[in-house]
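*Asks:* Sharing a structure, written as structure tokens. Questions coming.
Protein chains: 2
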Amino acid sequence: PKKSCANVTNLAKNAKKLGQDDPRRITHSFKVGLALTLVSMLFYVQPLYDSFGSSTMWAIMTVVVVMEFSVGATLGKGINRMLATLLGGSLGFGVQQLATLTEKEDHSIVIAFSLFIIGAIMTFVRFFPGVKAKYDYGFSIFILTFSLVSISSYRDDYIQILACKRLLTIIIGSFLAMIVSICIWPVWIGEDLHNLVASNIEKLGDFLEGLGEDYFDESDGTKTVTNKSFADKYETVLNSKTREETMANLAGWEACHGRFRFRHPWKQYLKVGNLTRKCAYKIEALDCYISNDPGNKIKDSCQYAGIESGKALKELSSAIKSMTWFSTTTKAHIANAKGAIKSLNSLVKENTREGIDVLEIVPILAVASLLTDVIISIQRISEAVDE
Amino acid sequence: PKKSCANVTNLAKNAKKLGQDDPRRITHSFKVGLALTLVSMLFYVQPLYDSFGSSTMWAIMTVVVVMEFSVGATLGKGINRMLATLLGGSLGFGVQQLATLTEKEDHSIVIAFSLFIIGAIMTFVRFFPGVKAKYDYGFSIFILTFSLVSISSYRDDYIQILACKRLLTIIIGSFLAMIVSICIWPVWIGEDLHNLVASNIEKLGDFLEGLGEDYFDESDGTKTVTNKSFADKYETVLNSKTREETMANLAGWEACHGRFRFRHPWKQYLKVGNLTRKCAYKIEALDCYISNDPGNKIKDSCQYAGIESGKALKELSSAIKSMTWFSTTTKAHIANAKGAIKSLNSLVKENTREGIDVLEIVPILAVASLLTDVIISIQRISEAVDE
Chain Z
19 PKKSCANVTN LAKNAKKLGQ DDPRRITHSF KVGLALTLVS MLFYVQPLYD
69 SFGSSTMWAI MTVVVVMEFS VGATLGKGIN RMLATLLGGS LGFGVQQLAT
119 LTEKEDHSIV IAFSLFIIGA IMTFVRFFPG VKAKYDYGFS IFILTFSLVS
169 ISSYRDDYIQ ILACKRLLTI IIGSFLAMIV SICIWPVWIG EDLHNLVASN
219 IEKLGDFLEG LGEDYFDESD GTKTVTNKSF ADKYETVLNS KTREETMANL
269 AGWEACHGRF RFRHPWKQYL KVGNLTRKCA YKIEALDCYI SNDPGNKIKD
319 SCQYAGIESG KALKELSSAI KSMTWFSTTT KAHIANAKGA IKSLNSLVKE
369 NTREGIDVLE IVPILAVASL LTDVIISIQR ISEAVDE
Chain E
19 PKKSCANVTN LAKNAKKLGQ DDPRRITHSF KVGLALTLVS MLFYVQPLYD
69 SFGSSTMWAI MTVVVVMEFS VGATLGKGIN RMLATLLGGS LGFGVQQLAT
119 LTEKEDHSIV IAFSLFIIGA IMTFVRFFPG VKAKYDYGFS IFILTFSLVS
169 ISSYRDDYIQ ILACKRLLTI IIGSFLAMIV SICIWPVWIG EDLHNLVASN
219 IEKLGDFLEG LGEDYFDESD GTKTVTNKSF ADKYETVLNS KTREETMANL
269 AGWEACHGRF RFRHPWKQYL KVGNLTRKCA YKIEALDCYI SNDPGNKIKD
319 SCQYAGIESG KALKELSSAI KSMTWFSTTT KAHIANAKGA IKSLNSLVKE
369 NTREGIDVLE IVPILAVASL LTDVIISIQR ISEAVDE
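Just so you know, the protein sequences line up as chains Z and E, in that order. Per our numbering, the very first residue in the first sequence carries number 19; after that it's consecutive. Per our numbering, the very first residue in the second sequence carries number 19; after that it's consecutive.
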């Protein structure tokens with residue numbers, strides 16, 4: 019009993035954390051509940067039920083399946099479902115008409131054969147990358163509707179009327195889900211993508227700005243702790259590709275809203291995201307040298323270069339966020355960082371003339387060289403943001 | 019007409035390529051067609067149709083939705099669907115019983131209220147990461163079945179019999195899909211994961227072995243071309259995390275088969291995969307220096323280190339593939355690579371004593387230092403594989 023009690027409090031804590039991390043999860047849950055209650059009205063109101071009958075259940079199914087977290091996903095699924103039902107149903111009728119041309123005993127053979135062929139072809143089409151990204155759900159519903167209509171026609175002569183009723187209830191359900199999704203606390207996935215890309219750049223900027231403290235203020239006990247949290251921060255930036263691509267696909271379904279124009283260049287976000295990740299790979303390599311003890315005067319230049327490039331990244335991030343563009347300050351920061359690396363290099367040159375051991379300064383040199391790469395990739399990001 | 023003709027040939031080419039890249043896509047398409055044809059028998063055979071009636075359509079829906087590319091995904095969806103239908107239907111009856119306790123006019127209020135509450139709670143539960151990974155589909159079906167049963171009970175008094183028939187047809191459909199998926203050219207996602215992890219390691223090994231040719235045989239025109247293909251190869255290794263996690267989740271549904279024991283440690287693959295990616299990040303950083311011209315005697319050591327560490331990685335990859343473990347040869351390769359880096363360092367030391375310009379050898383030093391890191395991460399991978 020004690021253990022299960024602990025389990026319950028644990029569960030409650032997790033649930034609270036989930037809600038606090040993103041309060042939109044709670045509102046989304048209520049939205050689903052609301053949409054379900056609204057669609058159930060089709061059952062309670064006598065005139066509505068009289069016209070649709072048991073087809074009403076298709077409206078409920080549609081609401082449950084189509085209601086997704088973001089507006090983009092809901093619109094995509096709703097449009098996919100409506101179109102696929104229409105097209106799949108039409109093809110089903112076509113097969114039925116074809117079957118009636120043959121003798122009664124052959125009907126089942128014609129239907130079974132067409133099921134096999136259409137099912138196989140449509141399943142293969144789903145493997146096309148472009149189809150998979152945007153219309154996978156639609157093709158699944160297409161196969162479903164086609165199978166139902168063509169098979170049912172074998173048993174039921176009034177299948178036309180039934181199928182039309184179903185299509186109508188599916189349209190009602192889809193529109194209900196889309197309206198609830200858009201009108202009540204909408205979650206725009208495009209905005210999420212926008213913020214994700216900007217915050218990823220900001221995270222890298224934070225790290226570079228913090229380079230001074232973490233790298234060079236060595237030998238205090240808290241170091242390992244902060245290092246760990248850095249690796250965690252990275253994890254999300256480094257592995258954001260799949261997530262960004264899904265989001266950009268879904269964002270394509272969202273028409274213009276707020277700050278985003280119709281046909282907003284979502285692909286540009288993927289480009290910026292790719293460059294951000296490339297920059298992150300370099301910083302990840304840089305991160306390894308943090309554990310090494312430089313113990314050298316050169317650190318000031320390194321630190322300065324880190325801070326300046328960090329500032330440039332942050333500038334870029336806020337430029338994306340506000341969708342305005344101040345290239346001059348960013349360029350100044352990049353130039354400063356480059357200058358720091360240059361003075362670092364000349365410092366190294368002087369030091370080696372004084373006969374210092376080269377192997378000792380290898381980590382420093384590696385850091386400097388990686389920082390140069392980081393700065394170059396920052397420049398590339400800034401060019402991509404500019405577009 | 020010419021343009022559309024070109025489009026068609028283009029489409030055919032793409033389709034051919036899709037099929038050649040993975041012939042299992044073609045067999046899967048035929049499997050779906052076969053499963054659809056088999057399930058349609060429920061309609062044609064009179065005694066079967068007499069017992070199930072129009073509920074037969076749920077079997078068709080189940081087959082279309084449950085049939086997935088891999089055995090793991092099919093099993094996961096099938097089991098989720100059957101359990102969720104059973105539980106959701108039971109809860110729906112519970113609500114119906116609760117409603118009959120009240121007066122006739124209040125029935126709709128009780129049902130609408132419970133719909134709102136259960137819909138909202140279940141939607142929120144779907145956000146738990148553990149639930150999302152394995153039971154997301156089940157929860158969606160749970161909400162669906164619960165809504166259908168509880169709402170239908172308002173109109174239909176024989177809902178129990180209808181719901182039981184539906185449950186039965188859903189079980190038939192799920193089993194049909196699972197049997198076709200397992201018995202005819204099965205696609206084990208666990209094996210795919212196994213091969214993916216091994217081939218990712220192998221790709222890195224290939225790159226390191228090829229380091230000599232690409233990095234050091236500079237100044238021929240083909241260089242940029244090969245560089246490009248490297249970056250492409252990387253793309254998949256660097257961004258494999260999400261894919262690997264999905265695959266490991268699905269693999270959890272597959273019971274023992276072939277070389278894999280029941281409760282195969284799929285998580286270990288994720289660990290090896292993570293370490294592989296970390297190693298890839300370092301190599302990605304190394305890759306930047308390929309464009310620099312070293313022009314130095316030191317290159318032999320670098321090349322040797324690259325080849326040896328590449329061999330070690332390939333050894334690891336084939337160890338994973340064959341599930342046998344020869345640690346001695348791998349260790350020898352790692353030791354060789356380390357020795358090469360050591361001799362490289364001492365070479366650098368000698369050269370600088372002779373008063374060479376330090377800045378010139380910075381790229382070399384960076385390569386050496388990165389190679390050391392690569393070797394360390396290879397050691398980590400080999401430890402993880404060993405477990």
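Each residue gets a CB set at the ideal place from its N, CA and C atoms; glycine is no exception.
Can the beta-carbon of E272 of chain E be found closer than 9 Å to that of I207 of chain E?
*Replies:* Numbered from its first residue, the second sequence carries residue 272 of chain E at position 254. Numbered from its first residue, the second sequence carries residue 207 of chain E at position 189. Cβ distance < 9 Å, so E272 of chain E and I207 of chain E count as in contact.
*Asks:* How would you list, in chain order, the residues of chain Z whose beta-carbon sits under 9 Å from the beta-carbon of V83 of chain E?
*Replies:* Start at 1 with the first residue of the second sequence, and residue 83 of chain E comes out as number 65. Neighbours of V83 of chain E on chain Z, chain order: S158 and L162.
*Asks:* I'd like to know whether the C-beta atoms of R42 of chain Z and W284 of chain Z end up nearer to each other than 9 Å.
*Replies:* For the purposes of this step, residue 42 of chain Z is taken as the residue at position 24 of the first sequence. For the purposes of this step, residue 284 of chain Z is taken as the residue at position 266 of the first sequence. No.
*Asks:* Any beta-carbon of chain E closer than 9 Å to the one on D238 of chain Z?
*Replies:* One-based indexing of the first sequence puts residue 238 of chain Z at position 220. The pLDDT assigned to D238 of chain Z is 43, lower than 50, so where the model puts this residue is not dependable; a value taken from the coordinates is nonetheless given after this. With respect to chain E, the C-beta atom of D238 of chain Z has no partner C-beta closer than 9 Å.
*Asks:* What's the C-alpha gap between R184 of chain Z and S73 of chain Z?
*Replies:* To locate residue 184 of chain Z, count along the first sequence from 1; it is residue 166. To locate residue 73 of chain Z, count along the first sequence from 1; it is residue 55. Distance between the alpha carbons of R184 of chain Z and S73 of chain Z: 5 Å.
*Asks:* Closer than 8 Å is the cut-off here; do at least three beta carbon pairs connect the region 52-60 of chain E with the region 73-93 of chain E?
*Replies:* Taking one beta carbon from each stretch, the region 52-60 of chain E and the region 73-93 of chain E have 3 or more pairs nearer than 8 Å; the two touch.
*Asks:* Nearest-angstrom Cα distance between Y299 of chain E and L256 of chain Z?
*Replies:* Taking the first residue of the second sequence as 1, we reach residue 299 of chain E at position 281. Taking the first residue of the first sequence as 1, we reach residue 256 of chain Z at position 238. Roughly 9 Å separates the two Cα atoms.
*Asks:* Compare the Cα-Cα distances from Q38 of chain Z to each of E:G112, E:C182 and E:F142 and report the closest residue.
*Replies:* For the purposes of this step, residue 38 of chain Z is taken as the residue at position 20 of the first sequence. Of the candidates E:G112, E:C182 and E:F142, the one whose C-alpha sits nearest the C-alpha of Q38 of chain Z is E:F142.
*Asks:* With respect to the alpha helix (DSSP H) encompassing D68 of chain E, which residues constitute its N-terminal and C-terminal limits?
*Replies:* Residue numbering aside, residue 68 of chain E sits at position 50 when the second sequence is read from its first letter. Q64 to F70 is the extent of the alpha helix (DSSP H) around D68 of chain E.
*Asks:* Anything in the region 186-204 of chain Z with a Cβ closer than 8 Å to a Cβ of chain E? List those residues in chain order, please.
*Replies:* none
*Asks:* With a cut-off of 9 Å, does the C-beta of M265 of chain Z fall near any C-beta of chain E?
*Replies:* The residue you call residue 265 of chain Z lines up with position 247 of the first sequence. Not closer than 9 Å to any Cβ of chain E, the Cβ of M265 of chain Z fails to qualify, so no.
*Asks:* Is it right to say S22 of chain E is buried, meaning 16 or more other beta carbons lie within 10 angstroms of its own, or is it exposed?
*Replies:* Walking along the second sequence from the start, residue 22 of chain E turns up at place 4. By the neighbour-count rule (16 or more Cβ atoms within 10 Å), S22 of chain E is not buried but exposed.
*Asks:* Within this structure, are the beta carbons of S158 of chain Z and R144 of chain Z separated by less than 9 Å?
*Replies:* Position 140 of the first sequence, counting from 1, holds the residue named residue 158 of chain Z. Position 126 of the first sequence, counting from 1, holds the residue named residue 144 of chain Z. Cβ atoms of S158 of chain Z and R144 of chain Z: closer than 9 Å.
*Asks:* Taking only the alpha-carbon atoms, compute the straight-line gap between F160 of chain E and S58 of chain Z and give it to the nearest angstrom.
*Replies:* Counted from its first residue, the second sequence places residue 160 of chain E at position 142. Counted from its first residue, the first sequence places residue 58 of chain Z at position 40. Taking the straight line joining both Cα atoms gives about 16 Å.
*Asks:* In or out: T120 of chain E buried (at least 16 other Cβ within 10 Å) or exposed?
*Replies:* The residue given as residue 120 of chain E occupies position 102 in the second sequence. Exposed: under 16 other Cβ atoms inside 10 Å.
*Asks:* Would you mind reading off the limits of the alpha helix (DSSP H) that contains M75 of chain Z?
*Replies:* Counted from its first residue, the first sequence places residue 75 of chain Z at position 57. T74 to V84 is the span of the alpha helix (DSSP H), which, as asked, contains M75 of chain Z.
*Asks:* Say whether the region 164-174 of chain Z touches the region 106-120 of chain Z, bearing in mind that this needs 3 or more beta-carbon pairs closer than 8 Å, one atom from each stretch.
*Replies:* yes
*Asks:* Could you give the distance in angstroms between the alpha-carbon of L334 of chain Z and the alpha-carbon of E253 of chain Z?
*Replies:* Locating residue 334 of chain Z in the first sequence gives position 316, where the first residue counts as 1. Locating residue 253 of chain Z in the first sequence gives position 235, where the first residue counts as 1. Separation of L334 of chain Z and E253 of chain Z (C-alpha to C-alpha, rounded to the nearest whole angstrom) is 21 Å.
*Asks:* My guess is that V290 of chain Z and V215 of chain Z are in contact by the Cβ rule of under 8 Å, so how many angstroms apart are they, rounded?
*Replies:* Taking the first sequence and counting its residues from 1, one reaches residue 290 of chain Z at position 272. Taking the first sequence and counting its residues from 1, one reaches residue 215 of chain Z at position 197. Contact annotation, V290 of chain Z with V215 of chain Z: C-beta distance approximately 6 Å; criterion of less than 8 Å satisfied.
*Asks:* CA-CA distance, E220 of chain E and A353 of chain E?
*Replies:* For the purposes of this step, residue 220 of chain E is taken as the residue at position 202 of the second sequence. For the purposes of this step, residue 353 of chain E is taken as the residue at position 335 of the second sequence. In a straight line, the C-alpha of E220 of chain E is about 19 Å away from that of A353 of chain E.
*Asks:* Of all the residues that make up the region 37-54 of chain E, which are near chain Z by a beta-carbon distance shorter than 9 Å?
*Replies:* G37, D40, R43, I44, H46, S47, F48, K49, V50, G51, L52, A53 and L54
*Asks:* Taking only runs of the alpha helix (DSSP H) that begin and end inside the region 140-205 of chain Z, which ones reach a length of at least 4 residues, in chain order?
*Replies:* 147-173 and 177-201
*Asks:* Around the C-beta of V89 of chain E, are 16 or more other C-beta atoms found within 10 angstroms, so that it is buried, or is it exposed?
*Replies:* Residue numbering aside, residue 89 of chain E sits at position 71 when the second sequence is read from its first letter. Its Cβ being crowded by 16 or more others within 10 Å, V89 of chain E is buried.
*Asks:* Taking the alpha helix (DSSP H) that N32 of chain Z falls in, what are its first and last residues?
*Replies:* Position 14 of the first sequence, counting from 1, holds the residue named residue 32 of chain Z. Its alpha helix (DSSP H) spans residues K20 to D39.
*Asks:* Is A337 of chain E near H351 of chain E, with beta carbons less than 9 Å apart?
*Replies:* Looking up residue 337 of chain E in the second sequence gives position 319. Looking up residue 351 of chain E in the second sequence gives position 333. Contact: no.
*Asks:* Does any C-beta atom of chain Z lie closer than 9 Å to the C-beta of S361 of chain E?
*Replies:* Here residue 361 of chain E corresponds to residue number 343 of the second sequence, with the count starting at 1. Not one chain Z Cβ lies under 9 Å of S361 of chain E.
*Asks:* Check whether chain E comes within 9 Å of M79 of chain Z, counting only Cβ atoms and requiring the distance to be less than that.
*Replies:* Along the first sequence, one-based indexing puts residue 79 of chain Z at 61. Answer yes: the Cβ-Cβ gap between M79 of chain Z and chain E drops below 9 Å somewhere.
*Asks:* Could you tell me whether the Cβ of A33 of chain E comes closer than 9 Å to any Cβ of chain Z?
*Replies:* As a working mapping, residue 33 of chain E is identified with position 15 in the second sequence. A33 of chain E counts as touching chain Z.
*Asks:* Helix, strand or coil for S217 of chain Z? Go by DSSP, reduced to three states.
*Replies:* If you number the first sequence from 1, residue 217 of chain Z lands on position 199. Three-state DSSP puts S217 of chain Z in a helix.
*Asks:* With burial defined as no fewer than 16 other Cβ atoms inside 10 Å of the residue's Cβ, what is the status of K34 of chain Z: buried or exposed?
*Replies:* As a position in the first sequence, residue 34 of chain Z is number 16, starting the count at 1. Burial call: exposed.
*Asks:* With DSSP run on the structure shown, which of helix, strand or coil describes T45 of chain Z?
*Replies:* Here residue 45 of chain Z is taken as the residue at index 27 of the first sequence, counted from 1. Looking at T45 of chain Z - three-state DSSP - the assignment turns out to be helix.
*Asks:* If you run the structure through DSSP and keep just helix, strand and coil, what is F234 of chain E?
*Replies:* To locate residue 234 of chain E, count along the second sequence from 1; it is residue 216. Residue confidence for F234 of chain E is low, a pLDDT of 48 falling below 50, so the modelled location carries little weight; the figure read from the coordinates is stated next. Helix, per DSSP.
*Asks:* For I190 of chain E, which residues in the same chain have their Cβ closer than 6 Å to its Cβ, ignoring the five residues on either side in sequence?
*Replies:* What you label residue 190 of chain E is simply residue 172 of the second sequence in a count that begins at 1. The residues are A77.
*Asks:* Roughly how many angstroms lie between the CA atoms of G137 of chain E and A358 of chain Z, to the nearest whole one?
*Replies:* As a first step, residue 137 of chain E is located in the second sequence; it is residue number 119 there, counting from the start. As a first step, residue 358 of chain Z is located in the first sequence; it is residue number 340 there, counting from the start. Taken atom to atom, the span from the alpha-carbon of G137 of chain E to that of A358 of chain Z is near 59 Å.
*Asks:* By DSSP, does N267 of chain E sit in helix, in strand, or in coil?
*Replies:* Counting from one through the second sequence, the residue named residue 267 of chain E turns up at place 249. It is helical.
*Asks:* Buried or exposed for T27 of chain Z, please, with buried defined as at least 16 other CB atoms from any protein chain shown within 10 angstroms of its CB.
*Replies:* Sequence index remark: in the first sequence, residue 27 of chain Z carries index 9 (1-based). Per the 10 Å Cβ criterion, exposed.
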